[in-house]
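K.L.:
So for the first sequence, the working numbering puts the first residue at 309; every next one is plus one.
Glycine is no exception: its CB is placed at the ideal position from the N, C-alpha and C atoms.
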Amino acid sequence: MPELPDVEVFRQYFEATSLHQGIESAQVLNDDVLSNVSARQFQNRVRNHQFDASRRHGKYLFVHLNNDGWLVFHFGMTGYFDYFKGKHKAPKHTRLLFQFANDYQLAYVSQRKLGKVSFVEDPDDFLKDQGLGPDALSESADLTTFSKALESTRSAIKPALMNQGHLAGVGNIYSDEVLFQAKIHPETKANRLGDAEVRRLFHTLKEVLKTAIDGKADPEQMPDSYLLPHRQKGGKCPACGGNLKREKISGRTAYYCPRCQGRDK
DNA sequence: CCTATAGCCTGACGGC
DNA sequence: TGCCGTCAGGCTATAG
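1) Within 8 Å, do at least three Cβ pairs link the stretch 386-398 to the stretch 439-456?
2) Going by CA-CA distance only, name the one from A457, K541, L327 that's closest to Q413.
3) From V354 to G479, what does the alpha carbon distance come to, in whole angstroms?
4) Is G366 closer than 7 Å to A547 when the C-beta atoms are compared?
5) So, with DSSP's three-state summary, where would you put H372?
6) Please confirm whether P494 and L487 have their CB atoms less than 7 Å apart.
7) When DSSP labels each residue in this structure, what does Y412 get in the three-state scheme?
8) Please confirm if the stretch 454-467 is in contact with the stretch 414-425, defined as three or more CB-CB distances below 8 Å between the two stretches.
9) So, are the CB atoms of G473 and L422 less than 7 Å apart?
10) Using alpha carbons as the reference points, say which of H538, D526, L536 lies closest to V315.
11) Does the beta-carbon of K573 have 16 or more other beta-carbons within 10 angstroms, so that it is buried, or is it exposed?
12) Give me the residue from V341, K456, F318 with the minimum Cα distance to R363.
13) I'd like the span of the alpha helix (DSSP H) that includes E459, first residue to last.
14) Between the alpha carbons of L435 and F370, how many angstroms are there, rounded?
15) Ordered along the chain, which non-local residues of its own chain (more than five positions away) have a Cβ less than 6 Å from that of F381?
16) Here's the rule: buried if 16 or more other CB atoms are within 10 angstroms of the residue's CB, otherwise exposed. What is E447?
17) At which residue ranges does the stretch 393-449 contain complete alpha helix (DSSP H) runs of 4 or more residues, listed in the order of the chain?
18) Around the Cβ of N356, are there at least 16 other Cβ atoms within 10 angstroms (buried) or fewer (exposed)?
Right under this line is the structure:
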């Protein structure tokens, strides 16, 4: 699930539920998801402290602890948070569980364990180490940067948009959505796009991500003109009604409308 | 250097 | 019902 819009919604959820709450304890139900700390270290650093700030960059969520240091959540393909009242059972595949003083708990759930949680002193150092580009919705992800990134690669536009080193936050689903809205074929070579197309793509990208966040990253809440709710086998193009095409592009499943999204490669 | 591909991990779904 | 293959909104290490 988690691309930029999803993670932004997780961040808002985290802020609304888990900020400024005394953490009485934390459980590590599966330490596969911890990347640079042991279960014991994790529990010790969290216990009797509070989360007091959050920040998102691309698909990463940073939460600050009031005793210094940040916890970094990455959600992989199947991660999410669930905040619930103490007595209830934690969801299946809960890997980490925070117990708050108000008798609520926050679960970090990750079915496939492709996500990771770690501790960092400085988020900016972490981002640099990961080689991440600017967050797709930030000011520093401007047209010039975007355009340079696309010129620098010979790959297809879809994987170029998903390259976190160029621009952080766009994944498989939203790259399809952005290309559909911009009416660009996903296999078009990134460095062959004309100036006008690059500009259109850039504005579409920002627009789609913002719209998705406004709709809580919920396909049901997307505008009728969006591909997302139709992105399934047998899906029809919301613009022309034609059959959507499903194809593997650099290892990932792409959906697009062959009629609306030209086929100039 | 670059880009493309297999592998990680677990479960859901469809076909036989 | 059971078994098997395929697929899944991410990233990394490795191969070419």
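P.N.:
Let's see:
1) No: fewer than three Cβ pairs fall under 8 Å.
2) For the purposes of this step, residue 413 is taken as the residue at position 105 of the first sequence. The residue with the shortest Cα to Cα distance from Q413 is L327.
3) Numbered from its first residue, the first sequence carries residue 354 at position 46. Numbered from its first residue, the first sequence carries residue 479 at position 171. Each residue's Cα considered, the two are about 31 Å apart.
4) Position 239 of the first sequence, counted from the first residue, corresponds to residue 547. Position 58 of the first sequence, counted from the first residue, corresponds to residue 366. A547 places its beta carbon 7 Å or farther from that of G366.
5) The residue given as residue 372 occupies position 64 in the first sequence. DSSP places H372 in strand when its eight states are reduced to three.
6) As a first step, residue 494 must be located in the first sequence, where it is residue number 186. As a first step, residue 487 must be located in the first sequence, where it is residue number 179. Yes; because the gap between Cβ atoms is below 7 Å, this pair is in contact.
7) In the first sequence, residue 412 corresponds to position 104, counting from 1. The DSSP-derived three-state label of Y412 is strand.
8) Output reads no: the stretch 414-425 does not touch the stretch 454-467.
9) The residue labelled residue 473 in the question sits at position 165 within the first sequence. The residue labelled residue 422 in the question sits at position 114 within the first sequence. No.
10) As a first step, residue 315 must be located in the first sequence, where it is residue number 7. Here the closest residue by C-alpha is D526.
11) The count along the first sequence starts at 1 and reaches residue 573 at position 265. Bear in mind that the predicted position of K573 carries a pLDDT of just 46, short of 50, making it unreliable; the figure below should be weighed with that in mind. Taking all protein chains in view, the Cβ of K573 is surrounded by fewer than 16 other Cβ atoms within 10 Å, so the residue is classified as exposed.
12) Against the first sequence, residue 363 aligns to sequence position 55. From the listed residues V341, K456, F318, the smallest Cα separation to R363 is found for F318.
13) Taking the first sequence and counting its residues from 1, the one referred to as residue 459 is at position 151. First-last of the alpha helix (DSSP H) with E459: 451-459.
14) Position 127 of the first sequence, counted from the start, is the residue given in the question as residue 435. Position 62 of the first sequence, counted from the start, is the residue given in the question as residue 370. Linking L435 to F370 through their CA atoms gives a straight-line distance of about 11 Å.
15) By 1-based counting over the first sequence, the position of residue 381 is 73. Here the set comprises L369, V425.
16) Sequence index remark: in the first sequence, residue 447 carries index 139 (1-based). Classification for E447: exposed.
17) Those alpha helix (DSSP H) runs which fall completely within the stretch 393-449 and span 4+ residues are 431-438.
18) Numbered from its first residue, the first sequence carries residue 356 at position 48. Residue environment: N356 is assigned as exposed (fewer than 16 neighbouring CB atoms within 10 Å of its CB, all protein chains considered).
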